[in-house]
Amino acid sequence: MINPFRSKKDAHFEWIDVINPDAAELEQIGEQFNIHPSAIQDCLQPEHLPKYEQLEKFHFIICRAYDEHCDKQADSIRALTSKLAIFYNKNVLITIHRKELLLFNEVVQKYQNHPNPIDVVCQLVKSCLATFEAPVAKLDDEIAFYESRIFLKKRIPDLLKSLYRIKRQVYVVRKVVNLTKEIIEKTTETNSKGSPFSQDLKDYYIKTDTQIEEVYDSIVSLMNIYISVSSQRTNEVMRTLTVFTAFFLPLTFIVGVYGMNFAFMPELQYPWGYPGVLGLMLGITIVVWSWFKRKGWL
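Quick note on numbering: my numbering labels position 19 of the sequence shown as 19, and the sequence is numbered without any gaps.
What follows is the structure in structure tokens.
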């Protein structure tokens, strides 16, 4: 659906919004404004990564915003985010998206009558970045929850699976935000020097990028800690089994020797044979226990 917000007659620039377009509508936009077909094709790709491109008559931007309706287990760029394509110059602003975006409506209400289209573009890009703030904070809370459980050694079903899901989601958000950096640099270059919108966008990007990097470092460190703790637990179990083996191996050897059915085994006829073997086994046990104690293994 092609929705012209305003015309050049009513304001300083023309703003056209296209919601859930089909190929024919995008071709119509491309022919009307002389936009290169490859850029129109990029608008049809739902999984396209963020990018900036300088066209003959337009600046072309693809931004991605967090999809608040996505599945909780989603861990791909297409599943976690929605795409917003923007074509702009001094006279025309064209926005293309498949879903109704809350961030978009907020910018429209606030800046619909703003005279500079590049300032509006800065606000749209900033709003896309702002959608990641709440989900990243939620992921940070999840990391803190699992971290406390790991150090308290409380068992959680599918813990490693949950940590991997968080890592994938943080990785996707981190990748999207990192790719948005070029968009911010190029967009602010085209804006007037000293524009508060450009500076505000740069500052907000630094804040968002710092937050995401901290969360990404936290989940990577937590996964390493979890693997180390799991290895430590395995080592403790193996040490316990080794101690038991060290106690019972010599005893099993003695029992095995005297369990052989040879006819000439003189110890079997001795009246003190049975208590003697028991005493020998007890002595070996005491020696092994004393040695382990001296080594600090018990």
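For every residue, glycine included, the Cβ atom is placed at its ideal position computed from N, Cα and C. Everything numeric in this text was worked out from a predicted model, so none of it was measured.
The count of Cβ pairs closer than 8 Å, one atom from the segment 117-125 and one from the segment 86-100, reaches three, so the stretches are in contact. Taking all protein chains in view, the Cβ of S127 is crowded by 16 or more other Cβ atoms within 10 Å, so the residue is classified as buried. Q112 carries a coil assignment under DSSP once its states are collapsed to helix, strand and coil. Bounds of any beta strand (DSSP E) do not take in I35, whose DSSP letter is neither H nor E. Taking 8 Å as the cut-off, the Cβ atoms of H97 and I19 count as close. A check of alpha carbon separations from C63 across Q45, Q73, K72, E56 identifies Q45 as the nearest. Within the segment 107-182, there are no complete beta strand (DSSP E) runs of at least 3 residues. Put simply, of D140, K186, T180, L152 the residue whose alpha carbon is nearest the alpha carbon of R165 is D140. Of all C-beta pairs linking the segment 236-254 to the segment 280-288, three or more are shorter than 8 Å, placing the two stretches in contact.
F87 is bridged by DSSP to F60, I94. When the five nearest sequence neighbours on each side are left out, the beta carbons in the same chain lying within less than 6 Å of the beta carbon of A74 are those of L80, in order along the chain. For W15, the uninterrupted beta strand (DSSP E) run begins and ends at 14-19, by DSSP. Only residues of its own chain outside the window of five on either side were considered, and among them F87, N89 have a CB closer than 6 Å to the CB of F58, listed in chain order. The three-state secondary structure of K72, taken from DSSP, is coil. In the same chain as M265, and ignoring 5 residues on each side of it, the C-beta atoms closer than 8 Å to its own belong to Y258, in chain order. Under DSSP, K51 shares a beta bridge with I62. Under the 10 Å beta carbon count, A65 is surrounded by 16 or more other beta carbons and is classified as buried. Bounds of the alpha helix (DSSP H) holding D217 are 196-258.
A Cβ-Cβ separation of about 12 Å leaves V107 out of contact with L201 under the 8 Å criterion. If you draw a straight line from the Cα of Y216 to the Cα of W291, it comes to about 47 Å. The beta carbon of S218 is closer than 6 Å to those of I143 in its chain, skipping five residues each way along the sequence. The alpha-carbon separation between I206 and E236 amounts to approximately 44 Å.
A distance below 8 Å between beta-carbons, with the five flanking residues on each side excluded, links V288 to the following residues of its chain, in chain order: A246, F247, P250. Taking all protein chains shown into account, Q123 has 16 or more neighbouring C-beta atoms within 10 Å of its C-beta and is therefore buried. Under a 10 Å Cβ-count criterion, T180 is classified as buried, with 16 or more other Cβ atoms of the shown protein chains found around its own Cβ.
With respect to the 8 Å criterion, I35 and V172 are not classified as neighbours on the basis of their beta carbons.
Looking at the DSSP output, S82 bridges to A65.
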